[in-house]
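Inspection log for the structure reproduced underneath, given as structure tokens.
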């Protein structure tokens with residue numbers, strides 16, 4: 001995979017210790033609301049950004065910022081307390097942070113890496129969301145998705161009725177897939193915002 005420019009952004013809303021690895025870039029989400037920045041962190045309120053939406057968008061402000069302000073061939077998102085890791089050896093409870101060489105090997109065979117599925121045996125993804133979050137967001141998203149092409153509506157209903165999902169909003173993606181995904185994602189969120197009237 002040659003000399004690929006690989007960047008993994010770490011979404012963090014507070015100062016934290018970050019990996020000593022040049023692949024990882026901590027992004028201080030919601031920077032618009034903070035005058036100072038933790039040492040070594042990038043801000044999500046420079047260049048084209050939606051930092052002011054952080055109270056509602058959380059790590060999505062880092063994704064948006066990276067979309068328009070970082071140069072990369074492969075981009076990943078992790079969180080200040082959640083990372084992609086490798087087990088040191090089979091059966092071990094010890095882990096190593098995934099490194100650039102690991103990412104190159106993975107991405108030689110796929111366009112996207114996400115966490116393992118999490119299973120909810122007693123409830124659906126929809127009921128899990130309603131138990132964990134304000135109902136209004138998902139209710140507005142349902143209205144927006146009803147206006148999308150049938151393939152999207154079908155996939156959306158399938159996810160809501162499922163009992164497992166790839167959680168935590170973590171990924172590693174090739175640039176084209178990331179740009180296509182985020183173009184779609186933020187166009188949907190713009191429509192949801194209109195219904196929720198976030199200002």
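Numbering (full-length UniProt numbering), first residue to last: 1 to 199.
Every residue gets a Cβ at the ideal spot worked out from N, C-alpha and C, and that includes glycine.
Given the structure is predicted, the values throughout are model-derived calculations rather than measurements.
Query, Result
"Roughly how many whole angstroms lie between the Cα atoms of residue 168 and residue 62?", "14 Å"
"Measure from the alpha carbon of residue 145 to the alpha carbon of each residue in 159, 133, 134, then state which is nearest.", "159"
"Closest to residue 72 by CA distance: which of 184, 3, 53 is it?", "3"
"Rounded to a whole number of angstroms, what is the C-alpha to C-alpha distance between residue 184 and residue 193?", "14 Å"
"Would you say the segment 15-32 touches the segment 123-132, given that touching needs at least three Cβ pairs under 8 Å?", "no"
"Residue 176 by DSSP, collapsed to three states: which one?", "helix"
"Could you pull the DSSP bridge partners for residue 55 from this structure?", "Partner(s): none; residue 55 has no beta bridge."
"Straight-line CA distance for residue 149 to residue 139?", "18 Å"
"Tell me which same chain residues have a C-beta within less than 6 Å of the C-beta of residue 65, skipping the five on either side of it?", "44, 49"
"Could you spell out where the alpha helix (DSSP H) holding residue 3 opens and where it closes?", "Per DSSP, residue 3 belongs to no alpha helix (DSSP H) and is neither H nor E."
"With distances taken between CB atoms, is the gap from residue 113 to residue 122 smaller than 9 Å?", "no"
"Please report the straight-line C-alpha distance between residue 163 and residue 80, rounded to a whole angstrom.", "27 Å"
"Name the two residues that bound the continuous beta strand (DSSP E) containing residue 77.", "74-79"
"Is the distance from the Cβ of residue 143 to the Cβ of residue 195 below 9 Å?", "yes"
"Whole angstroms are fine: how far does the CA of residue 197 sit from the CA of residue 86?", "42 Å"
"So, helix, strand or coil for residue 12, using DSSP?", "strand"
"Taking the straight line between their C-alpha atoms, what separation do you get for residue 83 and residue 9?", "10 Å"
"Could you check whether residue 47 and residue 68 sit closer than 9 Å to each other, using their CB atoms as the reference points?", "yes"
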